[in-house]
Amino acid sequence: MQSLTPDPKARYTSIYGALKKIMRTEGFWRPLRGLNVMIMGAGPAHAMYFACYENMKKTLSDVFHHQGNSHLANGIAGSMATLLHDAVMNPAEVVKQRLQMYNSQHRSALSCISTVWRTEGLGAFYRSYTTQLTMNIPFQSIHFITYEFLQEQVNPRRDYNPQSHIISGGLAGALAAAATTPLDVCKTLLNTQENMALSLANISGRLSGMANAFRTVYQLNGLAGYFKGIQARVIYQMPSTAISWSVYEFFKYVLTKHQLENRTLF
């Protein structure tokens, strides 16, 4: 839905219509293309992400607001965690998006990696890294600040409460996703549609970074282009962040409880 220059056979007007058309014309499993490469990257990326966030949040909270919760600390900690997370996930995101494009020439994640490496070099996997950070740093800042704020409202004692973690996580993800959709459209342009977009806009050379991507999006689709796929993005991020936070808080509770029990025993 974010494609600025879609094939006539791949024009979608709604989320349901897109899924229905994709499965009918390209096969039932087509919407899951790229799942394997995302699973491979998600484990180490999220391990570094939450470990960095917890440590930086504690350190910075002591600096900004001694023994209390600081929204500024939460935002900065989330931004720093994003640097590590995206260093792992950016290549996976490039491969996933190329596999998911309509009529993609790539038949598997390995063939996509091989082709991109051979024809475009290592830099192609990180061409949108700075753009990804430009998007994800504000996304994660909004995400973490909103999550921690909502937890203060619905779970002030910060106990393990699955319902509060799911609600706070889902709402935080939805707000952050909607606010950063224009940046996501530009990232998709850099990852998947650079050559076609340049030819349609009569631009020579290459797109280099967010400023050029923003200009190209406006040239091709105007202001509306910045919000392509916003519904799909919000609907994707809400369960994603709700599941992520609820699973994380569950294991944090279990592991902390286990450590306390061991200390009591010994």
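If you count the sequence shown from 1, you need to add 581 to reach the numbering used here. All residues carry an ideal CB built from backbone N, CA and C; glycine is no exception. In this text, all values refer to a predicted model and were calculated from it rather than measured experimentally.
Sort Y593, V766 and A823 by Cα distance to L743 and report the nearest one. Here residue 743 turns out to be Pro, not Leu, going by the sequence shown. Closest by C-alpha distance to P743, out of Y593, V766 and A823, is A823.
As a quick exercise: from C633, N717, V676 and M682, pick the residue whose alpha carbon is nearest that of W698. V676
Could you tell me which whole alpha helix (DSSP H) segments of length 4 or greater appear in the region 699-775? Whole alpha helix (DSSP H) segments, 4+ residues: 710-735, 743-760 and 762-773.
For a quick check, are the C-beta atoms of A794 and L770 less than 7 Å apart? Yes, the Cβ-Cβ distance between A794 and L770 is below 7 Å.
Does the beta-carbon distance from Y630 to H666 come in below 7 Å? yes
Let me know if P625 comes out buried or exposed under the rule of 16 or more other beta-carbons within 10 Å of its beta-carbon. P625 comes out exposed.
Rank L801, D740 and A757 by C-alpha distance to the C-alpha of T837 and give the top, closest one. The candidate whose alpha carbon is nearest that of T837 is D740.
Start and end residues, alpha helix (DSSP H) containing F609: Per DSSP, F609 belongs to no alpha helix (DSSP H) and is neither H nor E.
Candidates A813, E733, I723 and Y829, of which the one nearest G598 by Cα: A813
Count the C-beta pairs between the region 649-656 and the region 598-610 that are closer than 8 Å, then say yes if the count reaches three, no if not. no
Note the first and the last residue of the continuous alpha helix (DSSP H) segment covering L655. For the sequence presented, residue 655 should be read as Asn rather than Leu. Taken as a continuous stretch (DSSP letters only), the alpha helix (DSSP H) holding N655 covers H652 to Q681.
If we ignore side chains and look at the alpha-carbon of each, how far apart do L703 and G810 end up? 29 Å
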